[in-house]
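Only one structure is covered here, and it is reproduced in the block below.
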Amino acid sequence: METTRLKAPVGNVASRVALALALLLLAADFAMAQDKGSVNPEPLPPLANPNDPTTPAKELFGRKTTPTSAAAHTIGFYSRGCIAGANALPLDGETWQVMRQSRNRNWGHPNLVRFLERLANQAPKVGWRGLLVGDMSQPRGGPMYTGHFSHQVGLDADIWLTPMPDRKLTRQEREEMMSTVVVAEDGKDVDPKVWTSAHAAIIRAAAKDPQVSRIFANPAIKKALCREAGRDRAWLRKVRVWFGHDYHFHVRIYCPTDSPACTPDPPLVGDEGCSGRDLDRWFTDAFLHPKPTKEKPPLRMADLPAACRQLLSAP
Ligand SMILES: [Zn+2]
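Residues in the sequence shown are numbered from 129 upward in steps of one, following the working numbering.
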């Protein structure tokens, strides 16, 4: 399943340009249904012409099953890059479990792995039993076959909005279980039957981590967080509204200091984003029911930093 681009709602030219840029630059995953995995995944068939410059980069990165042996560092931007020397988040910890392990996307920069372990450790203290961790990055990062524009440099992770159960999930459950959609059917608020204060607490704990630069969540989730935050609100600024993200939240961490070739996000501007353009417009018809537009052509290797081409064939 592929993501689709969304048509900018009517507005002045500047806001349309800003939204188009946001679509390109933010490049977070959005508007996706959940996919099951398989306990017996079919390996991808070899490519007939891997050196053909028109080959989509996702075909090449999607066939790399191991990280490079270099010291860990990220290269490029969250939605246009790769990672050397990625570490795996172990499939199980005391307070986390990795979902969809057949995808082999539990890789990231050591800072991301450490952040997830830190948040998992903190989770029970805020009333969330533990983390079910969705996609991080592929072993060498890069574009993916399904689901994401970003997650390319080992600094993004999806965390399910279902708390970890009090037992170890089976291999099959990890492939087939679905996460909880916390947004009401009309998209205008969270579903009071499933949303709890613990959902807010785990997102707040993630946002308060000093390594975290941004969190992407559905507008209805941001609305609930704004309503429930009380006086401690500075962290809300990091929670950015985006399409989809109704069954997981997406955490992004800052460029690591060991990665001079990592391109950071622009600094956050504005206030906590609980009103006006930041939030209210997401509940207009144009945003609630956006029209899909033509898909972007897939990234090719020439679209990625040169170091990512070398990384593809590195030991
Ligand atoms: Zn994500």
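Each residue gets a CB set at the ideal place from its N, CA and C atoms; glycine is no exception.
Taking C-beta atoms under 8 angstroms as the contact rule, E303 and S166 qualify, at a distance of about 6 angstroms.
A distance below 7 angstroms separates the beta carbons of P267 and P195.
Annotated three-state conformation of P420 is strand, per DSSP. Per DSSP, the beta-bridge partners of L260 are Q225. Going by beta carbons, L416 and G315 fall inside the 7 angstroms limit.
Nearest to A214 by alpha-carbon distance, out of M292, P425, V241, is V241. Nearest neighbour of P238 by Cα position, chosen from Q250, P218, K296, W256, turns out to be P218.
Shown here, W370 sits in coil according to DSSP, grouped into three states, outside any helix or strand. Here the distance from the Cβ of D286 to the nearest heavy atom of ligand 1 is below 6 angstroms. Straight-line measurement puts the Cα of K366 at about 5 angstroms from the Cα of R342. Membership of F243 in the alpha helix (DSSP H) is indicated by the continuous run 238-250. Taking C-beta separations shorter than 6 angstroms and ignoring five residues to either side along the sequence, the partners of C402 in its chain run C354, following chain order. Judged by DSSP secondary structure, G204 falls within the beta strand (DSSP E) whose first and last residues are 201-205. Secondary structure at G209: strand, using DSSP grouped into helix, strand and coil.
DSSP places R380 in no alpha helix (DSSP H) but in the uninterrupted beta strand (DSSP E) bounded by 376-381. Taking 7 angstroms as the cut-off, the beta carbon of Q438 is found no closer than this to the beta carbon of I381.
Per DSSP, the beta bridge partners of C390 are G204. Residue burial is scored here from C-beta neighbours: G258 has at least 16 other C-beta atoms within 10 angstroms and is therefore classed as buried.
Residue pairing for R365: DSSP places it in no beta bridge.
The alpha helix (DSSP H) runs lying completely inside the region 309-349 and spanning 4 residues or more are 325-336, given in chain order. Just so you know, the alpha carbons of D337 and P384 end up roughly 14 angstroms apart. In this model, V322 and L175 are separated by some 45 angstroms (Cα to Cα).
Per DSSP, A214 lies in no beta strand (DSSP E) and is assigned neither H nor E. One Cα belongs to I203, the other to A389, and the distance between them is close to 5 angstroms. Secondary structure at R302: helix, using DSSP grouped into helix, strand and coil. Closest option to N346, judged by alpha-carbon separation, among A362, G372, I331, S325: G372. When the Cα atoms are used, V379 and P178 turn out to be separated by approximately 33 angstroms.
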